[in-house]
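First the structure, in the form of structure tokens, and then the observations on it.
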Amino acid sequence: LASIFAGLMPFLACWRAARILHELLLDHVLKAPLQFFEVTPLGRILSRFSKDMDILDTSLSSQISDLMWCTFEVLGTLF
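Those letters in the sequence shown? Residues -17 to -1, 1 to 62, by mature numbering (1 follows the signal peptide of the UniProt record, and there is no 0).
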């Protein structure tokens, strides 16, 4: 049961964090001034958006997993 919990919690935390960050990033891009879209090619915007999301997805998963393991180690040591 503990191993299922240990495997599932980082996955769910990463999924939720990625969804929230995606919504925030998309919200900021959509609220950009119209001049930004006139000057910047759409391909560059899409490329940057997808690259940033890819970086977030890859780095966030390992960081959340490490944070959870450290938290459980500290709690296990204290109690």
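Ideal placement from N, C-alpha and C gives every residue a C-beta, glycine not left out.
Going by the CB atoms, is the gap between residue 43 and residue 15 shorter than 8 Å? Within the sequence shown, residue 15 is the residue found at index 32, counting from 1. Within the sequence shown, residue 43 is the residue found at index 60, counting from 1. Taking 8 Å as the Cβ cut-off, residue 15 and residue 43 do not qualify as a contacting pair.
Leaving out five residues before and five after residue 22 in sequence, what residues of the same chain have Cβ atoms less than 7 Å from its Cβ? Start at 1 with the first residue of the sequence shown, and residue 22 comes out as number 39. Answer for residue 22: no residue qualifies.
Hey, residue 47 and residue -5 are a contact pair by Cβ (cut 8 Å); roughly how many whole angstroms apart? The sequence position of residue 47 within the sequence shown is 64, counting from 1. The sequence position of residue -5 within the sequence shown is 13, counting from 1. Sure, about 5 Å apart at Cβ, within 8 Å.
To which residues of the same chain is residue 4 closer than 7 Å at the C-beta, ignoring the five residues directly before and after it? Taking the sequence shown and counting its residues from 1, the one referred to as residue 4 is at position 21. For residue 4, where only same-chain residues beyond five positions count, the Cβ hits under 7 Å are 39.
Anyone know if the C-beta pair for residue 8 and residue 32 falls short of 8 Å? The count along the sequence shown starts at 1 and reaches residue 8 at position 25. The count along the sequence shown starts at 1 and reaches residue 32 at position 49. The answer is yes: Cβ separation under 8 Å.
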